[in-house]
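Below is one structure, written out as structure tokens; comments come after it.
Right under this line is the structure:
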């Protein structure tokens with residue numbers, strides 16, 4: 001089991017790297033996180049919703065993700081409440097107190113049944129903890145850190161992030177707050193995100209091993225520009241209003257960061273393009289006149305739309321469109337915001353039945369329903385799709401295949417099919433063509449429920465080249481394969497970790513043959 005001294009110390013990527021190494025060493029390896037809290041989620045092949053990190057890890061291990069790999073997912077919907085997803089299906093909306101008092105006492109069976117199935121199917125199960133195992137107020141009903149390690153009789157590797165400072169205090173402090181039997185499970189430390197000459201750290205490592213009696217199994221380097229998606233929006237902190245790439249890039253793409261932003265990893269492929277700079281904007285004053293404005297997904301459409309209004313974004317967006325912004329796009333919740341009305345007759349997103357106005361750019365209305373749509377889809381660009389801004393983007397024709405996934409509670413209705421064009425023609429369950437997404441005929445304003453759109457290389461490059469053509473720039477055509485880049489980055493991560501981590505010691509801890517054996 002991989003645990004951490006705090007949130008965001010790199011547990012998910014360390015787990016992905018170790019599992020990738022074990023897979024390459026010939027072991028059938030699976031990830032497992034009993035309880036995850038994240039707004040970035042992943043849809044499995046059978047239409048179940050799990051944490052994005054476990055979906056990413058499964059891909060790194062070369063296996064198909066299932067809900068057993070993350071049987072409990074918490075999706076925060078407010079300061080004190082969350083939607084509880086059990087085995088990929090919404091179970092209930094509970095406050096933090098209700099979750100701890102009503103749900104957690106019954107959760108052990110769900111967790112251990114899922115873990116048991118994985119153990120039967122794979123040689124190795126790599127479990128990942130959450131936050132810190134030393135959260136005293138949470139330990140009594142813990143199902144994701146040391147209690148789980150005990151139930152599973154699993155040795156623990158403790159990861160600490162040296163980049164944030166105080167790494168020795170984090171490690172020693174964590175151990176001090178563990179019970180003796182919990183401390184005995186910790187078999188090694190991994191220090192993550194190190195920059196510089198590791199020999200300068202050696203006196204501290206020697207002290208730590210002497211102080212604790214536990215070995216440091218590796219000091220992992222900070223990997224700049226690692227192109228593997230993050231799970232939590234905390235990684236966006238400090239990026240608001242500034243470019244996350246080269247400010248000299250020719251295309252400026254602004255993603256509006258509202259409080260409940262979800263699946264922001266949709267835009268990672270855009271960041272990897274040589275001509276596109278992506279920035280996350282939390283204030284209307286920071287918006288300016290980018291080439292494209294994107295309204296991303298959200299866990300609560302109505303609440304985040306109200307946030308946009310409070311921040312003055314509607315006026316800023318309208319001003320930008322009038323001053324030269326080429327595109328306004330909405331994905332999932334952002335797509336719903338672009339319509340005329342948001343209807344919540346069953347109080348799915350609010351405390352009581354409610355109705356609110358959308359931004360009014362597309363002739364759509366969305367009704368929030370109790371049943372959640374989670375599905376992987378494929379199809380093609382519609383014959384009259386408006387995403388060919390400029391009309392000559394390479395590869396942007398009616399035959400271009402696309403794939404993605406949907407995660408949403410709402411059903412959207414188009415009230416004027418004459419004034420807007422369908423974006424995609426998806427393949428329905430019976431082989432029929434199903435229209436999805438709508439946009440204005442000039443391609444300037446459009447929306448879709450499909451997450452993962454920009455993973456489609458032809459669509460992504462065609463969309464960017466359309467904007468280039470409108471700016472008088474030559475198109476670049478295809479620049480990279482998103483799938484190939486992903487595999488390359490998994491290997492880059494695994495290679496760096498193998499070079500700096502004592503895998504022989506880890507195999508010995510697990511009771512498995514050492515690498516040379």
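In the working numbering, the protein residues as written are 1 to 517.
All residues carry an ideal CB built from backbone N, CA and C; glycine is no exception.
Since this is a predicted model, take the numbers as computed values, not measurements.
Other residues of its chain near residue i: CB distance less than 7 Å, five sequence neighbours each side excluded
i	result
residue 242	Unreliable positioning characterises residue 242 in this predicted model, as indicated by a pLDDT of 45, which lies under 50. The coordinate reading is nonetheless provided below. Only 279 meet the Cβ criterion.
residue 481	457
residue 419	363
residue 312	284
residue 350	302, 344
residue 83	75, 77, 90, 93
residue 486	none
residue 9	159, 160, 161, 192
Run of the alpha helix (DSSP H) containing residue i, from where it starts to where it stops
i	result
residue 52	52 to 60
residue 173	167 to 176
residue 161	Not the alpha helix (DSSP H): residue 161 falls in the beta strand (DSSP E), residues 156 to 161.
residue 4	Segment 2 to 4 is the beta strand (DSSP E) holding residue 4; no alpha helix (DSSP H) there.
residue 551	Only positions 1 to 517 of the chain appear in the structure, and residue 551 is not among them; the question remains open.
residue 180	180 to 183
residue 15	11 to 24
CA nearest to the CA of residue i, picked from the options
i	options	result
residue 448	112, 297, 228, 74	297
residue 276	294, 171, 248, 257	248
residue 432	379, 452, 443	379
residue 188	57, 513, 371, 2	2
residue 371	85, 59, 56	85
residue 179	169, 136, 17	136
residue 353	367, 326, 359, 360	367
residue 16	509, 498, 511, 510	498
Residues of its chain near residue i, where Cβ-Cβ distance is below 8 Å and the 5 sequence neighbours each way are ignored
i	result
residue 95	80, 81
residue 32	54, 68, 69, 70, 114, 115, 118, 125, 126, 127, 128
residue 377	403, 404, 405, 406, 426, 427, 436, 450
residue 263	39, 40, 41, 52, 296, 297, 331, 332, 407, 451
residue 267	253, 255, 278, 294, 296, 454
DSSP state of residue i mapped onto helix, strand, coil
i	result
residue 455	helix
residue 240	Low per-residue confidence applies at residue 240: pLDDT is 46, beneath 50, and the placement is therefore not dependable enough to give any value.
residue 345	coil
residue 108	helix
residue 152	helix
residue 402	strand
residue 280	strand
residue 99	helix
residue 469	helix
residue 147	helix
residue 91	strand
residue 127	strand
residue 488	helix
residue 327	strand
residue 409	strand
Sub-8 Å separation of residue i and residue j beta-carbons
i	j	result
residue 500	residue 219	yes
residue 34	residue 156	no
residue 131	residue 38	no
residue 446	residue 329	yes
residue 226	residue 454	no
residue 400	residue 381	yes
residue 483	residue 24	no
residue 185	residue 222	no
residue 98	residue 73	no
residue 464	residue 439	no
residue 257	residue 300	no
Residue span of the beta strand (DSSP E) that contains residue i, given as start and end
i	result
residue 436	433 to 439
residue 373	364 to 381
residue 189	186 to 194
residue 35	35 to 37
Contact with chain C by residue i, beta-carbon distance below 8 Å
i	result
residue 415	Among the protein chains of the structure shown there is no chain C, as only one such chain exists.
Sequence-distant residues of the same chain with beta carbon closer than 6 Å to residue i, five excluded per side
i	result
residue 395	Confidence is the limiting factor: at residue 395 the pLDDT is only 44, short of 50, which leaves the residue's position unreliable and the question unanswerable from this model.
residue 61	19, 23, 29
residue 355	343
residue 163	193
residue 507	514
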